[in-house]
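Visitor: The sequence shown begins at 844 in the numbering used here and counts up by one.
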Amino acid sequence: MKIVYLKTNNIANIFNQLQQDLGGKLKIRPQEYSLELHNNLVSGVISGVSFKNNISFIEYDIVFKEDMLLINNMPITNPIHFMYCAKGKISHSFGIKGEKRLLNQFQTGIFSCDPSQDTTLFFRKNEAVKLSNIMVDTHEVEQDDDNTDLLRNQLLRTFLPKAGEYIFAYTGSYNLKIAEKMQQLGAISQKGLVRNLLIKGIVHVILAMEIQQHKEDKKNAKNNFGSLTKDEMDDIKELSSFIKNYPEIQYSLKYLSKKSGLSPAKLQEGFKLLFDRTVTDYIRNVRVETAEHLIKTTDLNISEIVYSVGLTSRSYFSKIFKEKYNCSPKHYQDHQNSLAVTA
844 MKIVYLKTNN IANIFNQLQQ DLGGKLKIRP QEYSLELHNN LVSGVISGVS FKNNISFIEY
904 DIVFKEDMLL INNMPITNPI HFMYCAKGKI SHSFGIKGEK RLLNQFQTGI FSCDPSQDTT
964 LFFRKNEAVK LSNIMVDTHE VEQDDDNTDL LRNQLLRTFL PKAGEYIFAY TGSYNLKIAE
1024 KMQQLGAISQ KGLVRNLLIK GIVHVILAME IQQHKEDKKN AKNNFGSLTK DEMDDIKELS
1084 SFIKNYPEIQ YSLKYLSKKS GLSPAKLQEG FKLLFDRTVT DYIRNVRVET AEHLIKTTDL
1144 NISEIVYSVG LTSRSYFSKI FKEKYNCSPK HYQDHQNSLA VTA
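Below is the structure:
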């Protein structure tokens, strides 16, 4: 078993330590790091970015070729770890011999401890894992904006161990929306300031979603996955991706039930749980968002766009478009055209 110790909150030092222990090629941009790994120990990429308000983001998209322990121990102050597993699964414990908590695909974990404890991640051999870790430092932060103190104080109150305790541990219910945000991070192609702003925005959204997930789970007093199994949730995720890729198909519950192998009741339960929408509402929302993208990026007229997203009534399309974007599709298209002429 390979063991890597990280004894710093500084992201530059973290990546230097990772490269020293795992090898690989380290690429550095302003505030951004990428460690490409292809050797007999590990294959994949570890990427990260740091922000002025002492928030750092690290993503592991890797396969270890032997069991691996990643041990975080900060001698003065330990950060709060907001983790999300988008692929595979990992185990977390406080110390090598501590109680292991499994973090499955699509689950959130929030962990913190005092400096006497280690935050330990266990990666299994040959397990493809995609894990994000947002680390919020708990010491005084460098001011970034007016909301920094408010955010930090809320996090300290909620996620640090209480008086007389040494650890805080939470494993959340399943959440596919965070996986979509991680996909958006990976799709950012811009460079420079625009790239940094986009990354910062999405990372903060992910952090907010994880905090909200904890709040909702706490309100429910238990993890409630309904009657859905993990495999059924995977089926619904695959089905939702199919709908996004082919919005023009005339969908029905019968068609989707046959395609997924799930009953209409389970489809409704799954879409409500994962997307907070009924199946019909999810399809309608996908069509409107696809249409907005087509208006912005193509020369198709409104009628052609209506047809291309699987709708037949232009008036109905205008109604649902205006409900979502607070303007008519024609007005939106004219505005896009005027911007293009100005540019």
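For every residue, glycine included, the Cβ atom is placed at its ideal position computed from N, Cα and C.
Do you know how far the Cα of Asn-996 is from the Cα of Lys-1065?
Guide: Per-residue confidence for Lys-1065 stands at a pLDDT of 47, beneath the threshold of 50, marking its modelled position as unreliable; no derived number is given.
Visitor: Suppose contacts are defined by Cβ-Cβ distances below 9 Å. Is Ile-1145 in contact with Arg-1127 by that definition?
Guide: Cβ atoms of Ile-1145 and Arg-1127: not closer than 9 Å.
Visitor: Does the contact criterion of 3 or more C-beta pairs under 8 Å hold for the region 1076-1083 versus the region 1099-1114?
Guide: Yes: at least three Cβ pairs fall under 8 Å.
Visitor: Evaluate Ser-1084 with the Cβ neighbour count: other Cβ atoms within 10 Å of its Cβ, from every protein chain shown; 16 or more gives buried, anything less gives exposed.
Guide: Label assigned to Ser-1084: exposed.
Visitor: Check whether the Cβ atoms of Cys-956 and Phe-925 sit closer than 9 Å, and answer yes or no.
Guide: The answer is no: Cβ separation not under 9 Å.
Visitor: Between which two residues does the alpha helix (DSSP H) containing Ser-959 stretch?
Guide: First-last for Ser-959: undefined, no H or E at that position.
Visitor: Where does the unbroken alpha helix (DSSP H) through Val-979 begin, and where does it stop?
Guide: Note, Val-979: premise wrong, no alpha helix (DSSP H); beta strand (DSSP E) at 972-979.
Visitor: Please classify Lys-1109: does DSSP put it in a helix, a strand, or coil?
Guide: DSSP places Lys-1109 in helix when its eight states are reduced to three.
Visitor: Here's a check: name, in chain order, each residue in its chain whose Cβ is nearer than 7 Å to the Cβ of Val-1149, leaving out the five neighbours to either side.
Guide: Result list for Val-1149: Arg-1157, Phe-1160, in chain order.
Visitor: So, is Thr-963 buried or exposed, given that buried needs 16 or more other C-beta atoms within 10 angstroms?
Guide: The residue in question, Thr-963, is buried, as its Cβ has 16 or more Cβ neighbours within 10 Å.
Visitor: Counting C-beta neighbours from all protein chains within 10 Å, is the total for Met-844 16 or more, i.e. buried, or is it exposed?
Guide: It is exposed - the Cβ of Met-844 has fewer than 16 other Cβ atoms within 10 Å.
Visitor: Between Lys-1043, Asp-864, Met-1052, Ser-1106, which lies nearest to Leu-1071 when the distance is taken from Cα to Cα?
Guide: Ranking the options by Cα distance to Leu-1071, first place goes to Ser-1106.
Visitor: Just verifying my parser: in three-state terms, what is the DSSP assignment at Gly-1104?
Guide: In this structure, Gly-1104 counts as coil in the three-state DSSP scheme.
Visitor: Could you give the C-beta distance for Leu-878 and Gln-863, rounded to a whole number, given that I count them as a contact under 8 Å?
Guide: That belief does not hold up - the Cβ atoms of Leu-878 and Gln-863 are roughly 11 Å apart, past 8 Å.
Visitor: Let me know the secondary structure DSSP gives Lys-868 once reduced to three states.
Guide: Strand at Lys-868.
Visitor: Can you check DSSP and say which residues form a bridge with Cys-928?
Guide: Looking at the DSSP assignment, Cys-928 forms a beta bridge with Gln-950, Leu-974.
Visitor: Would Gly-1035 be called buried (16 or more neighbouring beta carbons within 10 Å of its own) or exposed?
Guide: Gly-1035 should be labelled exposed.
Visitor: Sorted by chain position, which residues of the same chain lie with C-beta nearer than 7 Å to Lys-1167's C-beta, five sequence neighbours on each side aside?
Guide: The answer, listed in chain order, is Val-1131.
Visitor: Would DSSP call Met-911 helix, strand or coil?
Guide: Looking at Met-911 - three-state DSSP - the assignment turns out to be strand.
Visitor: Determine the DSSP secondary structure at Leu-1041, reduced to helix, strand or coil.
Guide: Leu-1041: helix per DSSP, three-state reduction.
Visitor: At 4 residues or longer, what runs of the alpha helix (DSSP H) sit wholly inside the region 1127-1155?
Guide: Here the runs fully enclosed are 1145-1151.
Visitor: Going by CA-CA distance only, name the one from Gln-1093, Ser-899, Tyr-876 that's closest to Gly-1044.
Guide: When each option's Cα is compared against that of Gly-1044, the closest is Ser-899.
Visitor: Kindly list the residues whose CB is nearer than 7 Å to the CB of Arg-967, restricted to its own chain and excluding five residues on each side of it in sequence; keep chain order.
Guide: Excluding sequence neighbours, Arg-967 sits near Asp-910.
Visitor: Starting from Glu-1075 and walking both ways along the alpha helix (DSSP H), at which residues does that stretch end?
Guide: Run containing Glu-1075: 1073-1088, per the alpha helix (DSSP H) assignment.
Visitor: For the putative contact between Asn-969 and Lys-1073, defined by C-beta atoms under 8 Å, what is the C-beta separation to the nearest angstrom?
Guide: With a Cβ gap of about 20 Å, Asn-969 and Lys-1073 do not count as contacting.
Visitor: In this structure, what does DSSP give as the bridge partners for Arg-1120?
Guide: DSSP, once it has assigned bridges, lists no residue as partnering Arg-1120.
Visitor: What is the rounded straight-line gap between the Cα of Pro-1090 and the Cα of Asn-1039?
Guide: When rounded, the distance between both Cα atoms is 32 Å.
Visitor: If I'm right that Tyr-1017 touches Phe-949 with Cβ under 8 Å, what's the distance once you round it to whole angstroms?
Guide: About 4 Å separates the two Cβ atoms, so the contact holds.
Visitor: Quick check: what's the CA-CA separation for Gly-941 versus Gln-1179?
Guide: About 57 Å.
Visitor: Which word fits Asn-852, buried or exposed, when buried means at least 16 other C-beta atoms lie within 10 angstroms of its C-beta?
Guide: Buried, since its Cβ has 16 or more Cβ neighbours within 10 Å.
Visitor: Classify Ala-1030 as helix, strand or coil using the three-state DSSP reduction.
Guide: The answer is coil: DSSP assigns Ala-1030 none of H, G, I, E or B.
Visitor: Measure the C-alpha to C-alpha separation of Leu-797 and Ser-1171 and round it to an integer number of angstroms.
Guide: Limits of the chain in this structure are 844 at one end and 1186 at the other, which puts residue 797 out of reach.
Visitor: Ends of the beta strand (DSSP E) at Ser-1171?
Guide: Premise fails: Ser-1171 is in no beta strand (DSSP E) and is neither H nor E.
Visitor: Less than 9 Å separating the beta-carbons of Val-1046 and Ile-933?
Guide: Not closer than 9 Å, so no.
Visitor: Can you name the start and end residues of the beta strand (DSSP E) that Ile-933 belongs to?
Guide: That run of the beta strand (DSSP E) goes 933-937.
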